[in-house]
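**Q**
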Amino acid sequence: MAARRVNAVLLTDSNALLSGIVTDKDVATRVIGEGLKPEQTVVSKIMTPSPIFVSADSLAIEALQKMVQGKFRHLPVVENGEVIAMLDITKCLYDAISRMEKAVEQGNAIASSVDQNGSKGSASHAFMETLRERMFKPSLSSIIAENSDVAVVSSSDPVCVAAKKMRDLRVNSVVTVTGNKIQGILT
13 MAARRVNAVL
23 LTDSNALLSG
33 IVTDKDVATR
43 VIGEGLKPEQ
53 TVVSKIMTPS
63 PIFVSADSLA
73 IEALQKMVQG
83 KFRHLPVVEN
93 GEVIAMLDIT
103 KCLYDAISRM
113 EKAVEQGNAI
123 ASSVDQNGSK
133 GSASHAFMET
143 LRERMFKPSL
153 SSIIAENSDV
163 AVVSSSDPVC
173 VAAKKMRDLR
183 VNSVVTVTGN
193 KIQGILT
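Heads up, the sequence shown is in my numbering, so the first residue is 13 and it goes up one at a time.
#1: Do Val95 and Leu22 have their beta-carbon atoms positioned less than 8 Å apart in this structure?
#2: What ranges does the beta strand (DSSP E) occupy inside the segment 62-97, keeping only unbroken runs of at least 3 residues that lie completely in it?
#3: Quick one: what's got a C-beta closer than 8 Å to Gly32's C-beta in the same chain, skipping five residues either side?
#4: Are Lys177 and Val187 close, meaning C-beta to C-beta below 8 Å?
#5: Apart from the five residues on each side of it in sequence, which residues of its chain come closer than 7 Å, Cβ to Cβ, to Ala108?
#6: When burial is assigned at 16 or more other CB atoms within 10 Å of the CB, is Thr41 buried or exposed?
#7: My output table needs one value for Gln195: the three-state DSSP class, helix, strand or coil.
#8: Pull up the DSSP beta-bridge partners for Ile166, would you.
#9: In angstroms with no decimal places, state the Cα-to-Cα distance between Lys37 and Asp169.
#10: Just checking my contact of Glu74 with Val66 at CB under 8 Å: how many whole Å lie between their CB atoms?
#11: Relative to the C-alpha of Val34, which residue among Ala20, Val171 and Ser26 is closest?
#12: Measure the C-alpha to C-alpha separation of Ser131 and Ile122 and round it to an integer number of angstroms.
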């Protein structure tokens, strides 16, 4: 994973069929967090067997929904039983946001055209502004779950302490602090 700078690897059986997935989080929480030695830990012990996947003809929104509902960041794409790609939720979200921004730009152009051609234009413009506000400007308090856990460790703590905290809280990152001052983020 490090050599290829990827966050996950897929495992296949002797017939080249998908059999498992191992992510950076698996290594952090199931190996380091458990105090195991990476060089001695067998992949099959930490992998997620028989991972959920999508077919190449699936809609992008369906794939994104599977990742969000399943609370995982990577999703294999399979065609004719063979793995052809790996989706990353971050890339999917960036793509979705980009498409939404383009739709808003087109909507603004339409609203501007209507503004120039009729009295109902101000209502169209107001509608587009309301839509933009709801899509792109939610307050952080409406996004952050009330019971969301934040993993915090001292900057001087060993990595295994951070990995255990991530495992225990089921999160993907820890905030490192010295006293009350944030020093960084470990993912």
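All C-beta atoms, glycine included, are put in the ideal place defined by N, C-alpha and C. Model, not experiment: these values are computed from the prediction.
**A** Once the coordinates are examined:
#1: A contact, by the Cβ cut-off of 8 Å.
#2: If we require 3 residues or more, the beta strand (DSSP E) runs fully inside the segment 62-97 come out as 86-91.
#3: Closer than 8 Å at Cβ, skipping near neighbours: Leu22, Leu23, Val55, Ser56, Met59, Thr60, Pro61, Ser62 and Pro63.
#4: No; because the gap between Cβ atoms is not below 8 Å, this pair is not in contact.
#5: Same-chain partners within the cutoff: Leu76.
#6: That one is buried.
#7: For Gln195, the secondary structure class from DSSP, reduced to helix, strand or coil, is strand.
#8: Per the sequence shown, the amino acid found at residue 166 is Ser instead of Ile. Ser166 pairs with Val189.
#9: Going from the Cα of Lys37 to the Cα of Asp169 covers about 19 Å.
#10: In this structure Glu74 touches Val66 by the C-beta definition: roughly 7 Å separates them, less than 8 Å.
#11: Checked all of Ala20, Val171 and Ser26; the closest Cα to Val34 is Ala20.
#12: Reliability of the predicted coordinates at Ser131 is poor, the pLDDT of 49 falling under 50, and the value obtained from them is presented with this limitation in mind. For Ser131 and Ile122, the gap between their C-alpha atoms comes out near 14 Å.
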